[in-house]
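Colleague: The sequence shown begins at 806 in the numbering used here and counts up one residue at a time.
Quick one: the structure is below, and I'll ask about it shortly.
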Amino acid sequence: MRALLAALLILLAAAAPAQDFSALARLDVAQSQIRDDGDGLGVELHLSQTVPYRAYTLAEPWRLVLDFRELDFRGATRAGLLNADNAEGVRFGPVQPGLSRLVLELGAPMRIATAGLDVDEAAGTATLRVSLVAASAQSATAVAGAPASPGWPDPATAALAPAAPEEAAPLTVVIDPGHGGLDPGAQRAGLDEADVMLTLALELSEALTRAGMRAVLTRTEDVFVPLQDRISIARAAGADVMISLHADALEDDEVTSGASIYTLSASAENEASSRMAERHERGDILGGLDLSGQDDSIATILMELARTETGPSGLRLADALLTALREEGARLRTNPQRQALLAVLTAADFPAVLLEVGFLSSARDRAELTSAEGRAKIIAGITSALRRWAATEEARAPLLRQ
Ligand SMILES: [Zn+2]
């Protein structure tokens, strides 16, 4: 019995000072994440303040249970929190007054290797880290079960699942591979931008689907789609966000390389941006659509933008993309965050960004874009950025409604 008790992880954080109880601890949804760690899992939950907690596993079905006295999970979503193939699901929410719970459904038997709460004394915040390692069913069963810890609900309540949180609709991401059909886009060394972007878009779509998002493509084959139709497709799909994928190519410059991100700007004073706009919008000129008549509606939309959330939200996504692409080892060009007046960015009802994934005029970028490994960095960066951005936007929503 002693051995069993010793094996049980009974973790109780030092009681927080009384004044801390005036506000419920909140989960920082943008920072918190559950990730694969080898065959196991790493749970990292950022909390607005210290909170008593305990961590234990349950057997068949294999679960990690984190109990808190007490934690506000508002704003958290399954897709935002769970970024792991070794877990099958996560539920969280209040169980009874004074008790909140997170239940992580494990894909295989695991045991807790380490668990601890790091307290930032200065900021008053805390980070709970739990590391799970793969274990045999026998050894995982031996350590499973709720500890009989004083002051906590009876182990008999351990199986209680939290009230199902409001199931958030999956994030709808419209992926827009540039060009196509009679418009090949940039062409270098036997490569067509349209083809390279379609390959990337199809792979990105799979990755986003695996991450619990809903991916919609503006084209799935080598066909011409006018720019305004791309926005219409996105709108009809109920886009939460639209990401256009392009690659640039420069004349007499084989050195410039790396990714950059464009958001909408009314001025587009930058000459390079204007040239880029010309190159990319050639598609509509080729397709016979006269964009000159769009000026008034674009102007109207720009004014509308100023009144809506989509402009700042797109900028936050651009920031998240830069950070995540860098983290995943994708190369960025100098001054990677840019602005231009591009038709494909003018939707006012959802944020849109245009990602230039690199330069076909650069041999280095061509090598990255034509290898699955090179594309995987870009795809991982976009996926991670969308997850974080969605969590941030979700967390902002209640603030804005107040
Ligand atoms: Zn392009």
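Backbone N, C-alpha and C define an ideal beta-carbon position, used for all residues, glycine too.
Taking CB distances under 7 Å as the criterion, tell me whether Leu887 reaches chain C.
Modeller: Within the model displayed, chain C is absent; a lone protein chain is all it includes.
Colleague: With hydrogens ignored, establish whether the beta-carbon of Glu998 is closer than 6 Å to any heavy atom of ligand 1.
Modeller: Yes, Cβ of Glu998 sits closer than 6 Å to a heavy atom of ligand 1.
Colleague: In angstroms, rounded to a whole number, what distance separates the CA positions of Gly1186 and Ala1006?
Modeller: Gly1186 and Ala1006 have their C-alpha atoms some 13 Å from each other.
Colleague: Report yes or no: do three or more beta-carbon pairs, one from the region 1038-1045 and one from the region 976-994, lie closer than 8 Å?
Modeller: Cβ pair count under 8 Å is three or more, so yes.
Colleague: Which whole runs of the beta strand (DSSP E) in the region 901-947 are 3 residues long or more, in chain order?
Modeller: 904-911, 915-925 and 930-939
Colleague: Looking at ligand 1, does it come within less than 6 Å of His983, judged from the CB to the closest heavy atom?
Modeller: A small fix is needed here, since residue 983 is Gly in this sequence, not His. It does: the Cβ of Gly983 is within 6 Å (strictly closer) of some heavy atom of ligand 1.
Colleague: Measuring CA to CA, which of Thr1139, Ala1012, Phe1029 and Gln1142 is closest to Thr1188?
Modeller: Ala1012
Colleague: If we count Cβ pairs, one from each stretch, closer than 8 Å, do we get three or more for the region 924-935 versus the region 844-862?
Modeller: yes
Colleague: How far does the alpha helix (DSSP H) with Glu1173 in it reach, from first residue to last?
Modeller: Its alpha helix (DSSP H) spans residues Ala1168 to Leu1174.
Colleague: Going by DSSP in three states, Pro1117 sits in which element: helix, strand or coil?
Modeller: helix
Colleague: Do Ala940 and Ala991 have their CB atoms nearer than 7 Å?
Modeller: no
Colleague: Buried or exposed: where does Glu1198 fall if 16 or more other Cβ atoms within 10 Å of its Cβ makes it buried?
Modeller: Per the 10 Å Cβ criterion, buried.
Colleague: I'd like to check one pair, Ala1196 with Gly885: are the Cβ atoms closer than 7 Å?
Modeller: yes
Colleague: Could you give the distance in angstroms between the alpha-carbon of Thr1139 and the alpha-carbon of Leu876?
Modeller: 42 Å
Colleague: Quick one: residues in its chain with C-beta nearer than 7 Å to the C-beta of Ala1104, no 5 flanking neighbours on either side, listed in chain order?
Modeller: Note on Ala1104: pLDDT 47, under 50, position unreliable in the model; the coordinate value appears next. Closer than 7 Å at Cβ, skipping near neighbours: no residue.
Colleague: In its own chain, which residues sit with a C-beta less than 6 Å from the C-beta of Ala1039, not counting the 5 before and 5 after it?
Modeller: Val979 and Met1047.
Colleague: Give the secondary structure of Ala1064 by DSSP, where H, G and I count as helix, E and B as strand, and everything else as coil.
Modeller: In the structure shown, Ala1064 sits in a strand (DSSP, three-state: E or B).
Colleague: To the nearest angstrom, how far is it from the Cα of Trp957 to the Cα of Arg1180?
Modeller: 49 Å
Colleague: Check Gln992 in the structure and name its three-state DSSP category.
Modeller: Of the three classes helix, strand and coil, the one that applies to Gln992 here is strand, per DSSP.
Colleague: Take every Cβ of the region 832-846, pair it with every Cβ of the region 911-919, and state whether three or more of those distances are shorter than 8 Å.
Modeller: yes
Colleague: With hydrogens ignored, establish whether the beta-carbon of Gly990 is closer than 6 Å to any heavy atom of ligand 1.
Modeller: yes
Colleague: Using the three-state DSSP reduction, which class does Val1158 fall into: helix, strand or coil?
Modeller: strand
Colleague: What residues are listed by DSSP as bridge partners for Leu863?
Modeller: In the DSSP output, where bridge partners are listed per residue, Leu863 has Arg868.
Colleague: Note down, in chain order, each residue of its chain lying with its Cβ closer than 7 Å to the Cβ of Leu1163, except the 5 sequence neighbours on either side.
Modeller: What sits at residue 1163 in the sequence shown is Gly, not Leu. So the list reads Ala1052, Ser1062, Gly1063, Ala1064, Asp1170, Glu1173 and Leu1174, once near-sequence residues are dropped.
Colleague: What's the gap between the Cα of Ala1148 and the Cα of Asn891?
Modeller: 41 Å
Colleague: According to DSSP, simplified to helix, strand and coil, what is Thr1139?
Modeller: strand
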